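K.L.:
Residue numbers (my numbering): 4 to 357. No residue lacks a Cβ here, since even glycine has one placed at the ideal position from N, Cα and C. Keep in mind the model is a prediction, meaning the values are calculated, not measured. The structure under discussion is supplied below as structure tokens; questions concerning it will follow.
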Amino acid sequence: MITFENISKEFQDGTKAVQDFSTTVEKGELFVLIGPSGCGKTTTLKMINRLIEPTQGTIHIEGRNLKNWNKQELRWNIGYVLQQIALFPTMTIEENVAVVPEMRRWGRKQTAERVEELLRMVELDPAVYKKRKPAELSGGEQQRVGVVRALAADPDILIMDEPFSALDPLTREQLQQDIKQLQSRIQKTIVFVTHDMDEALALGDRICMMEGGSIVQVGTPHELTNHPANDFVRDFIGDRINEWDTPVREMMDPQSDYIANIEELPNLPLYPAPLYIFDNDSSFLGRRQGREIIEHDVSITPDMLLKKAVQYFEKTDMDALPVLENGRLIGVLSYKDIVWYMKNIHAQPGKESV
Ligand SMILES: Nc1ncnc2c1ncn2[C@@H]1O[C@H](COP(=O)(O)OP(=O)(O)OP(=O)(O)O)[C@@H](O)[C@H]1O
Ligand SMILES: [Mg+2]
Numbered sequence: 004m005i006t007f008e009n010i011s012k013e014f015q016d017g018t019k020a021v022q023d024f025s026t027t028v029e030k031g032e033l034f035v036l037i038g039p040s041g042c043g044k045t046t047t048l049k050m051i052n053r054l055i056e057p058t059q060g061t062i063h064i065e066g067r068n069l070k071n072w073n074k075q076e077l078r079w080n081i082g083y084v085l086q087q088i089a090l091f092p093t094m095t096i097e098e099n100v101a102v103v104p105e106m107r108r109w110g111r112k113q114t115a116e117r118v119e120e121l122l123r124m125v126e127l128d129p130a131v132y133k134k135r136k137p138a139e140l141s142g143g144e145q146q147r148v149g150v151v152r153a154l155a156a157d158p159d160i161l162i163m164d165e166p167f168s169a170l171d172p173l174t175r176e177q178l179q180q181d182i183k184q185l186q187s188r189i190q191k192t193i194v195f196v197t198h199d200m201d202e203a204l205a206l207g208d209r210i211c212m213m214e215g216g217s218i219v220q221v222g223t224p225h226e227l228t229n230h231p232a233n234d235f236v237r238d239f240i241g242d243r244i245n246e247w248d249t250p251v252r253e254m255m256d257p258q259s260d261y262i263a264n265i266e267e268l269p270n271l272p273l274y275p276a277p278l279y280i281f282d283n284d285s286s287f288l289g290r291r292q293g294r295e296i297i298e299h300d301v302s303i304t305p306d307m308l309l310k311k312a313v314q315y316f317e318k319t320d321m322d323a324l325p326v327l328e329n330g331r332l333i334g335v336l337s338y339k340d341i342v343w344y345m346k347n348i349h350a351q352p353g354k355e356s357v
């Protein structure tokens, strides 16, 4: 976990690059910093491994003030991937990847094994690539070596500064997928800088939008696209709103007509159907059929995205499904709710209502 507390950076010439920056990057999260050129992304990133020292505020990693970390130890614990592919041109790929493990005095055998494992991880056959020089690799291959070199000594944190911006769109997409897979497999905390919104949306667990050295909004891709904090974010997002990525929680109706307390049951008319029944502590009991309550096993959860939820509708012939959280009935999602949501999300300022 990385915590920024009121971080500011003013360079000697008076440039205020970062101002009162406070946020927390969770362990295992892929956290994207995005914003226009000069907004302070690189400066923020470099303060994490103390290539730049803040003028004000404190950064903690795993609860420990950065000032109390030995700089060497810090750099070993943080893999750094730069925008410019920065492999050592006279060294082989194998030697390039082994730089940090060797500095840490890993044994020769352990290092060699690690290098092979890493190259395979990004689908570069060690037998083919190990002995080559960087110039004998394509741009995308070199960038992959750059990524695994940063991972070589198994750091807990990875910071990446526009690592893919020099690549063609296809290679870039491939590497984005690689990083995403790597991330889910090895659970590193990654802070990733980009100024490409598509990249941010594709990769980020959360996105931090910056402007003029300050945070404008921090949120999930969905929160940014569907609930932009202001016009700056809205303009940056452009037309990327995606209703299919909306969580059920935002569309469901907690007071739906399709819900009833078991005590009301004897007095209720036979419609609407389906009718989902809960008891006094909100526990879900099932679905009404005639005068009975029968088991109902197709339900959805509040965090499920719409694109997933519709698959559950396909499994039943119901027009509405119960939304359960820890066994409690917290609402219902019906076709009507979905249509309502779609209609209203597009009725934002500057957008035509349907
Ligand atoms: N060493 C320095 N001395 C003075 N000003 C600097 C220094 N380094 C960066 N700056 C300024 O600080 C501001 C933030 O720079 P930074 O490199 O963090 O931006 P960035 O968001 O990474 O931009 P880009 O997307 O172009 O890489 C800019 O105005 C930049 O000119
Ligand atoms: Mg930069």
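So Ile51 and Ile88 are in contact, right, with Cβ under 8 angstroms, and what is the actual spacing, rounded?
P.N.:
That belief does not hold up - the Cβ atoms of Ile51 and Ile88 are roughly 21 angstroms apart, past 8 angstroms.
K.L.:
If we count Cβ pairs, one from each stretch, closer than 8 angstroms, do we get three or more for the region 58-65 versus the region 229-244?
P.N.:
Result no; under three Cβ-Cβ pairs closer than 8 angstroms.
K.L.:
Would you identify the three-state DSSP class for Glu214, choosing helix, strand or coil?
P.N.:
Correct three-state label for Glu214: strand.
K.L.:
On the DSSP bridge list, what partners appear for Met163?
P.N.:
Val84, Phe195
K.L.:
Looking at Asp208 and Phe34, is the spacing between their C-beta atoms short of 8 angstroms?
P.N.:
yes
K.L.:
Let's test the definition: count the other Cβ atoms within 10 Å of the Cβ of Ser259 and tell me whether it reaches 16, buried, or not, exposed.
P.N.:
buried
K.L.:
I'd like to confirm something about Cys42: is its beta-carbon nearer than 7 angstroms to some heavy atom of ligand 1, or not?
P.N.:
yes
K.L.:
Just to confirm, is the Cβ distance from Pro224 to Asp306 under 8 angstroms?
P.N.:
no
K.L.:
Since Met256 and Asp322 are thought to touch, with beta carbons under 8 angstroms apart, how far apart are those beta carbons, to the nearest angstrom?
P.N.:
Per the sequence shown, residue 256 should be read as Asp rather than Met. Asp256 to Asp322, Cβ: 13 angstroms. No contact.
K.L.:
Taking 7 angstroms as the cut-off, is the beta-carbon of Gly38 closer than that to any non-hydrogen atom of ligand 1?
P.N.:
Answer for Gly38: yes, Cβ within range of ligand 1.
K.L.:
Going by other Cβ atoms of all chains shown within 10 Å of its Cβ, with 16 needed for buried, is Gly241 buried or exposed?
P.N.:
exposed
K.L.:
If I measure Cβ to Cβ from Ala101 and keep anything under 6 angstroms in the same chain, skipping five residues before and after, which residues do I get?
P.N.:
Thr114, Val118
K.L.:
Does DSSP classify Arg291 as helix, strand or coil?
P.N.:
strand
K.L.:
Beta carbon of Thr46: closer than 7 angstroms to some heavy atom of ligand 1?
P.N.:
Flag set: Cβ of Thr46 near ligand 1.
K.L.:
Going by Cα to Cα distance, which pick from Gln220, Tyr315, Glu253 is closest to Val342?
P.N.:
Glu253
K.L.:
Have a look at Leu288, Tyr261, Asp157 and flag the residue whose alpha-carbon is nearest the alpha-carbon of Ser337.
P.N.:
Tyr261
K.L.:
For Gln145, is the classification buried or exposed, using 16 other Cβ atoms within 10 angstroms of its Cβ as the cut-off for buried?
P.N.:
buried
K.L.:
Among Arg291, Ile265, Gly293, which one has its Cα closest to the Cα of Phe281?
P.N.:
Ile265
K.L.:
Is any heavy atom of ligand 1 found at a distance shorter than 7 angstroms from the C-beta of Thr18?
P.N.:
Between ligand 1 and Thr18, a heavy atom-to-CB distance of less than 7 angstroms is present.
K.L.:
With DSSP as the reference, please indicate the residues paired to Arg209 in a beta bridge.
P.N.:
Phe34
K.L.:
Within the present structure, is the beta-carbon of Asp164 separated from the nearest heavy atom of ligand 2 by less than 7 angstroms?
P.N.:
yes
K.L.:
Tell me the DSSP bridge mates of Tyr279?
P.N.:
Ile262, Arg290
K.L.:
How about Arg152 and Leu127: are their beta carbons less than 8 angstroms apart?
P.N.:
no
K.L.:
On the CB-based measure, 16 or more other CB atoms within 10 Å of its CB, does Pro39 come out buried or exposed?
P.N.:
exposed
K.L.:
Which residue's Cα is closest to the Cα of Phe167: Leu140, His198, Ala130?
P.N.:
His198
K.L.:
So, with DSSP's three-state summary, where would you put Glu355?
P.N.:
In this predicted model, Glu355 has a pLDDT of only 47, less than 50, meaning its place in the structure is not dependable; the value taken from the coordinates is given anyway. Here Glu355 sits in coil by DSSP.
K.L.:
Measure how close the beta-carbons of Asp159 and Thr192 come, nearest whole angstrom, since I'm counting them as under 8 angstroms.
P.N.:
6 angstroms
K.L.:
Rounded to the nearest angstrom, what separates Val194 and Glu29 at their Cα positions?
P.N.:
Approximately 10 angstroms, taken between the alpha carbons.
K.L.:
What does a CB cutoff of less than 7 angstroms around Lys354 pick up in its chain, not counting 5 residues either side in sequence?
P.N.:
Note that Lys354 scores 47 on pLDDT, short of 50, meaning its location in the model is unreliable and no value can be drawn from it.
K.L.:
Assign Asp256 to one of three DSSP states: helix, strand, or coil.
P.N.:
strand
K.L.:
At which residues does the beta strand (DSSP E) containing Ile55 begin and terminate?
P.N.:
No beta strand (DSSP E) contains Ile55, which DSSP labels as neither H nor E.
K.L.:
Here's a check: name, in chain order, each residue in its chain whose Cβ is nearer than 7 angstroms to the Cβ of Pro104, leaving out the five neighbours to either side.
P.N.:
Thr114, Arg117, Ala155, Ala156
K.L.:
For Leu309, which residues in the same chain have their Cβ closer than 6 angstroms to its Cβ, ignoring the five residues on either side in sequence?
P.N.:
Excluding the 5 residues flanking it on each side, Leu309 has same chain C-beta neighbours closer than 6 angstroms at Trp247, Thr249, in chain order.
K.L.:
Based on the DSSP output, what are the partners of Thr61 in its beta bridges?
P.N.:
Glu8
K.L.:
So Thr6 and Ile62 are in contact, right, with Cβ under 8 angstroms, and what is the actual spacing, rounded?
P.N.:
7 angstroms
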